Amino acid sequence: MSNSLKIISFIASAVLILFGVLFILATFSSTGQGGWLVVGVVLVLIAFGLIWLATRQPKVEAPINVTYKVDLPGDVSMDTIKCKSCGGTLSPENIKMVNGAPVVTCPYCNTTYQLTEQPKW
């Protein structure tokens with residue numbers, strides 16, 4: 037259920053509870069009728085049913101998949117990346133994006149660190 041529908045159902049529930057309580061209280065007045073009690077109880081039960089329906093479904097958020105594509109101009113040769121701790125060769129499968137930064141995990145020594153680009157000059 038979307039947030040707008042939940043808000044509408046909570047407002048409708050509040051109105052139904054208000055009128056239900058008024059009908060229940062009016063039953064016990066000097067001019068009250070027995071049928072008003074039934075109407076009041078039904079309104080309150082409907083209101084609590086709406087509240088239950090609005091709160092029973094938990095939020096389910098779909099995972100967000102982000103794909104980074106790098107377009108390199110011309111012929112580019114790539115150097116091998118080695119682990120800073122053990123010197124093992126790292127492959128592209130060992131690099132993952134975490135919070136927008138490239139992070140590498142060494143499959144040999146399980147060291148995790150962020151990749152940084154060194155200036156070329």
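Straight run, no breaks: the sequence shown in the working numbering ends on number 157.
Even glycine gets a Cβ: it sits at the ideal position worked out from N, Cα and C.
Just so we're clear, the structure is a prediction, and the values are computed from it rather than from any experiment.
Do the CB positions of residue i and residue j come within less than 8 Å of each other?
{"i": "residue 76", "j": "residue 64", "result": "no"}
{"i": "residue 83", "j": "residue 61", "result": "no"}
{"i": "residue 151", "j": "residue 143", "result": "no"}
{"i": "residue 116", "j": "residue 125", "result": "yes"}
According to DSSP, what are the bridge partners of residue i?
{"i": "residue 148", "result": "141"}
Could you check what DSSP says for residue i in three-state terms: helix, strand or coil?
{"i": "residue 125", "result": "strand"}
{"i": "residue 134", "result": "strand"}
{"i": "residue 117", "result": "strand"}
{"i": "residue 103", "result": "coil"}
{"i": "residue 63", "result": "helix"}
{"i": "residue 98", "result": "coil"}
From the options, pick the residue whose C-alpha is nearest to that of residue i; which is it?
{"i": "residue 145", "options": "122, 152, 127 and 136", "result": "122"}
{"i": "residue 38", "options": "129, 96, 141 and 139", "result": "96"}
{"i": "residue 101", "options": "134, 61, 79 and 125", "result": "134"}
{"i": "residue 41", "options": "69, 152, 74 and 89", "result": "89"}
{"i": "residue 46", "options": "132, 98, 130 and 87", "result": "87"}
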